[in-house]
Amino acid sequence: MANDIVQILVCYKKRKGELLREIFTERELEVLHLLLLGLNNKEISDELFISNHTTKAHVASIYKKLGVSNRVQAAVKSIKLGANELFNLQEVI
Numbered sequence: 408m409a410n411d412i413v414q415i416l417v418c419y420k421k422r423k424g425e426l427l428r429e430i431f432t433e434r435e436l437e438v439l440h441l442l443l444l445g446l447n448n449k450e451i452s453d454e455l456f457i458s459n460h461t462t463k464a465h466v467a468s469i470y471k472k473l474g475v476s477n478r479v480q481a482a483v484k485s486i487k488l489g490a491n492e493l494f495n496l497q498e499v500i
């Protein structure tokens, strides 16, 4: 019985991470991942070889889709939606 509960929780967490794949484009997921790692817009631009303007547009789109207005809110909400599982991040909260 306990093993069944663990299996259900694992499936639930996996689905939570997959929800982000349905919400965001692949590029937005890349930007979100780097945002969660603490990179600023310039660092994200350099890492992905895109302009700062393009990075800002992706970040704005991420905020809009999550219904947030800053990086901290975006991080908290995306973690609640399964970003830790999707990106294999260590939980720090």
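Take 408 as the starting number for the sequence shown in this note's numbering and just add one per residue. Just so it is clear, CB atoms sit at the ideal spot from N, CA and C, and this is done for glycine as well.
Within this structure, are the beta carbons of Lys484 and Leu473 separated by less than 7 Å?
yes
Any idea what DSSP makes of Gln532, helix, strand or coil?
The structure shown does not extend to residue 532, since the chain is modelled only from 408 through 500, so no value can be given for it.
Assign Val479 to buried or exposed, taking buried as 16 or more other Cβ atoms, counted over all protein chains shown, within 10 Å of its Cβ.
exposed
Sorted by chain position, which residues of the same chain lie with C-beta nearer than 8 Å to Leu436's C-beta, five sequence neighbours on each side aside?
Leu427, Arg428, Leu493
Asn447 versus Glu425 - alpha carbon distance
25 Å
Could you tell me the distance, in whole angstroms, from the CA atom of Gln497 to the CA atom of Asn491?
7 Å
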